[in-house]
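Trainee: Dropping the structure in here first, questions after.
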Amino acid sequence: MAELPEVGEALGEGSLVTTTFEGCRLAGNRLNLDVYPDGCRQFLELFEKRREEVDQEEFLRPYCTGAPVDCTLGGHAQDEFGACQQGSLTTLPQDFGSLLCLTHLDLSFNSFSRLPSCVTDLASLRVLLVCHNSLVELPEDFGQLSKLTFFSAMKNQLRDLPRSIGELAALQRLDLSENALQSLPDEIGSLYNCMELDLSGNQLMGVPDSLANLRSLQQLRLHSNLLVTVPASLASLPNLSRLDLQNNWLRSIPPEIQHSPFVHLRGNPLGEPEIPLQSGNCVSGLTASQTAAPRLYIPHFSWFLVISRLVENKCSVPSEGTLLFSTVDPSIKVTFPPGVTEETRSVTLQVCVHELAEITDDPESKAGPLLCLSQNSTVDFLRPVKIQLPLPPGVTGLTLDRSKLHLLHGNLQAQAWDDITNQVVLEFTHLYARFEVTHFSWYWLWYTTKTYVGGIARKVYERLRLYQVNFIALQRKKDPEQVLLQCVPKHKVDPVLGKLHDRYQGPEPSDIVELFEGEQFFAAFEGGINIDADRPDCVDGRISFIFYSHLKNMKEIYVTAEVDRKGQAVRGQVSFYRGEVPDNVPEDATKKRKGPDSHWLATLPIKLPKLKSRSGEHSEPKNGFSFPPLNLGNAETGYLTQANLLGIAGRIGADWQTIGLNLGLPYQQIKRIGYNHREDLDSQILNMLFSWAQQNSEDQNCVEKLITAMKESGRQDIADEIETVIELGRQKYRASIRRVGLDQESSAEDSAIAMV
67 MAELPEVGEA
77 LGEGSLVTTT
87 FEGCRLAGNR
97 LNLDVYPDGC
107 RQFLELFEKR
117 REEVDQEEFL
127 RPYCTGAPVD
137 CTLGGHAQDE
147 FGACQQGSLT
157 TLPQDFGSLL
167 CLTHLDLSFN
177 SFSRLPSCVT
187 DLASLRVLLV
197 CHNSLVELPE
207 DFGQLSKLTF
217 FSAMKNQLRD
227 LPRSIGELAA
237 LQRLDLSENA
247 LQSLPDEIGS
257 LYNCMELDLS
267 GNQLMGVPDS
277 LANLRSLQQL
287 RLHSNLLVTV
297 PASLASLPNL
307 SRLDLQNNWL
317 RSIPPEIQHS
327 PFVHLRGNPL
337 GEPEIPLQSG
347 NCVSGLTASQ
357 TAAPRLYIPH
367 FSWFLVISRL
377 VENKCSVPSE
387 GTLLFSTVDP
397 SIKVTFPPGV
407 TEETRSVTLQ
417 VCVHELAEIT
427 DDPESKAGPL
437 LCLSQNSTVD
447 FLRPVKIQLP
457 LPPGVTGLTL
467 DRSKLHLLHG
477 NLQAQAWDDI
487 TNQVVLEFTH
497 LYARFEVTHF
507 SWYWLWYTTK
517 TYVGGIARKV
527 YERLRLYQVN
537 FIALQRKKDP
547 EQVLLQCVPK
557 HKVDPVLGKL
567 HDRYQGPEPS
577 DIVELFEGEQ
587 FFAAFEGGIN
597 IDADRPDCVD
607 GRISFIFYSH
617 LKNMKEIYVT
627 AEVDRKGQAV
637 RGQVSFYRGE
647 VPDNVPEDAT
657 KKRKGPDSHW
667 LATLPIKLPK
677 LKSRSGEHSE
687 PKNGFSFPPL
697 NLGNAETGYL
707 TQANLLGIAG
717 RIGADWQTIG
727 LNLGLPYQQI
737 KRIGYNHRED
747 LDSQILNMLF
757 SWAQQNSEDQ
767 NCVEKLITAM
777 KESGRQDIAD
787 EIETVIELGR
797 QKYRASIRRV
807 GLDQESSAED
817 SAIAMV
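For the sequence shown, the numbering used here gives the first residue as 67, with consecutive numbering after it.
This is the structure we're talking about:
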């Protein structure tokens, strides 16, 4: 029996070995070269010597399992870590496209950066595998493979897909996972026979609505992308049995998809707020981490803001009952027995873990996690619900003194805490306490020697809800009578002022004042300034506010002066006062009021400027801008008056800088005009236009220059308007000449008379 030749050993023509190998390799309709040490070289030899037989092959696999050679890659070879090694095969001979009977082509684990053009000539191809290459694009004529039923380009570098991919009418399986796709063409919705579509591991932020046309689709994998939205129409695909949306950026999804049983959503920040990340003028978001010690790995530096919020755990409670536990502390459990409800209802569980000693400085008091339970129904449960809470830190069932343990119950606003220890049956284990309730609220387990625990708990909770705020009062730069009033938490003052700086001006913010969530306060104008508005929130000349930390707490109003401002400016003030103590404000809020007026919070100055005299209004154009009267051009060729220039300025708009540069004004002058009048676009336009007019008023061609500049700036409309004005001026000039008989068409007699 002949032995296999060694790697690199030449095969002599006509030898028994050569004949035997060629016969074996061309047996049947499959050409498997992956079992030969130099499979690709042997394929080239067979393609040259036995072309007709090779053309009839339907299955080609040009792998190599021997030592690597320069032109091949054996996908079976592995490195020291067990990963398949890629070879250096980057192209195929052009005549490769003549294999018209080829139906299966596997080019995986090679180094193709582009799919050879000859591949699209394989008209009978049904299976094409190009996995683990370096493809960055597919040819535009890829749709010519009309018989293709399975195409896999997994683990490449594809950035986009050709539109012709929609022409693959017979395609049933498409695997484009682990690429760099950022978008999909709408034509992908024309793959009506596609049953499996894998787009996982890409950079897609959205998918086209045309995917809803894939009525044969059974599995759609979109996990590990950057999806922020998905079309609701995907839920209506009749044959879809798996929709994988895991590990994306989905914060909300259509209800049709969320309630579908075949949808997988794990790893998405559903219901979480977006954390803004500012870079220059661009703001993006980062996904929050819910680990015990959050970590974030980034390749660059920027501004970061961490938002702390209570984690929510939700579940639906059917009539059969269920179990809900907290992901913050899995020992906190809520057990719903069978028959607890007639209709399915939704339940939400939130847990706040805190260090009581840091708040009260009382080493004798200990408290467990603060538990909040809520539901979407106002009806109590039909059967008691069992709640399990961990005992306070350092307390166990063996050392427990029941006289020191207190179970506190809070209302929905958590403004009052009641000791319900004697109203429920408490069961204790070594680590946990269990009790039963029929309705939900806040629950807190305390261990202390204090007798009035409810007051202590209320005080601790108030410390968590007390906010330090500043008041600001700003006036609109263009209209000082428009005043903005706002109450801002102290850590937000600088960002708020930064946003308002361009449009408003005013005094520094007030000193820090402490307010509780939901506390009422008023703003009153004093010192000769009154509110000039009829508002429902204005009572006895005072504007009413209710402070909520998550709202802007901002109102804009118009004010007026009690005296005539023609002769003098009015210097007044706005003062902020606490309102009557509402029921939902803790008692401690009133104790913080000090001074002769216990309701006073802060006062800020307000100034209404002196009104300008109206005597000069007729000599000043709008915005107080003026130049000496001027006319451009001359009466014979047509001219533009100052009134014409004002009309032109009113139509220039945001293109004024481009027009100024085309008029020949220096770049620095344009920038200086923009800076000096940065709050007033009209003044910028007028200064630019009249500055140029003053500099060129003696130039006979200045009007033509103005028309040319308008055309070069893309403002043909203004250029046409100027030409119309000029032509109208010429007509008026000629008419006046004819009236006095000085035109060339006048008779000689009239001319003689005129000469005399």
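Don't be surprised by glycine CBs; every beta carbon is placed ideally from N, CA and C.
The structure presented is a predicted model; accordingly, all values stated were derived computationally and were not measured.
Give me the Cα-Cα distance between MET271 and LEU306, rounded to the nearest whole angstrom.
Mentor: C-alpha of MET271 to C-alpha of LEU306: approximately 21 Å in a straight line.
Trainee: Quick one, are the C-beta atoms of ALA301 and SER326 less than 7 Å apart?
Mentor: Yes, the Cβ-Cβ distance between ALA301 and SER326 is below 7 Å.
Trainee: Does the distance from the C-beta atom of ILE612 to that of ALA589 stay below 7 Å?
Mentor: no
Trainee: Give me the DSSP bridge partner(s) of GLN548.
Mentor: TYR624
Trainee: At a cut of 8 Å, does the region 500-515 reach the region 534-548 through at least three beta carbon pairs?
Mentor: These segments do not touch.
Trainee: To the nearest angstrom, how far is the alpha carbon of LYS673 from that of VAL535?
Mentor: 24 Å
Trainee: Do you know offhand how far LEU492's Cα is from SER392's?
Mentor: 20 Å
Trainee: Taking the straight line between their C-alpha atoms, what separation do you get for HIS567 and GLU574?
Mentor: 12 Å
Trainee: Any beta-carbon of chain D closer than 7 Å to the one on VAL461?
Mentor: In the displayed structure, chain D is absent; only one protein chain is listed.
Trainee: Keeping to the same chain, check which residues put their C-beta closer than 8 Å to that of SER276; ignore five residues upstream and five downstream.
Mentor: ASP252, GLU253, ILE254, GLY255 and SER256
Trainee: Please identify the residue among ASP721, THR774, LEU263 and ASN313 whose C-alpha is closest to the C-alpha of ASP748.
Mentor: For the residues ASP721, THR774, LEU263 and ASN313, the minimum Cα distance to ASP748 belongs to ASP721.
Trainee: Who are HIS170's beta bridge partners in DSSP?
Mentor: PHE125 and VAL193
Trainee: From what residue to what residue does the beta strand (DSSP E) around ILE609 run?
Mentor: 608-612
Trainee: One question on the structure: do GLY564 and GLU592 come within less than 7 Å of each other, judged by their Cβ atoms?
Mentor: no
Trainee: Do you know how far the Cα of GLN223 is from the Cα of GLY333?
Mentor: 25 Å
Trainee: I need the DSSP call for THR774, collapsed to helix, strand or coil.
Mentor: helix
Trainee: For ALA801, count neighbouring Cβ atoms within 10 angstroms of its own Cβ and tell me buried if that reaches 16, exposed if not.
Mentor: exposed
Trainee: Going by beta carbon distance, what residues of the same chain come within less than 8 Å of THR784, once the five residues before and after it are set aside?
Mentor: Just to set this straight, residue 784 is Ile in the shown sequence, not Thr. Taken in chain order, the residues that qualify are ILE714, ARG717, ILE718 and MET776.
Trainee: Reducing DSSP to helix, strand and coil, say where GLN108 ends up.
Mentor: helix
Trainee: Rounded to whole angstroms, what is the Cα-Cα separation between PRO675 and SER757?
Mentor: 29 Å
Trainee: Return the CA-CA distance between PRO320 and LEU336, expressed in angstroms with no decimal places.
Mentor: Approximately 11 Å between the Cα atoms of the pair.
Trainee: Can you find the residues in the same chain that come closer than 7 Å, C-beta to C-beta, to SER230, ignoring five residues on each side of it along the sequence?
Mentor: GLU206, ASP207, PHE208 and GLY209
Trainee: What does HIS472 pair with, by DSSP beta-bridge criteria?
Mentor: TRP512
Trainee: Assuming GLN416 contacts VAL377 (C-beta within less than 8 Å), just tell me the rounded distance between them.
Mentor: 7 Å
Trainee: Please name the residue in GLN723, PRO450, LEU497 and LEU242 whose C-alpha comes closest to that of GLY463.
Mentor: LEU497
Trainee: If you draw a straight line from the C-alpha of ARG804 to the C-alpha of LEU794, how long is it?
Mentor: 16 Å
Trainee: Let's test the definition: count the other Cβ atoms within 10 Å of the Cβ of ALA668 and tell me whether it reaches 16, buried, or not, exposed.
Mentor: buried
Trainee: Going by the beta-carbon positions, is the gap between ARG225 and GLU262 smaller than 7 Å?
Mentor: no
Trainee: So the beta strand (DSSP E) THR388 belongs to, where does it begin and stop?
Mentor: 388-391
Trainee: What residue from PRO671, PHE402 and VAL394 has the CA that sits closest to CYS381's CA?
Mentor: PHE402
Trainee: Quick check: the Cα distance between GLN734 and SER779, rounded to an integer number of angstroms?
Mentor: Their Cα atoms are separated by approximately 19 Å.
Trainee: With DSSP as the reference, label ASP207 as helix, strand or coil.
Mentor: Helix at ASP207.
Trainee: Curious, which full-length beta strand (DSSP E) runs of at least 3 residues does the region 425-466 contain?
Mentor: 436-441 and 451-456
Trainee: Go ahead and label VAL605 buried or exposed: buried means 16 or more other beta carbons lie within 10 angstroms of its beta carbon, across all protein chains shown.
Mentor: exposed
Trainee: Just to confirm my understanding: we take THR495, look at its own chain, exclude 5 residues before and 5 after, and list those with CB closer than 8 Å. What are they?
Mentor: GLY463
Trainee: Assign PRO458 to buried or exposed, taking buried as 16 or more other Cβ atoms, counted over all protein chains shown, within 10 Å of its Cβ.
Mentor: buried
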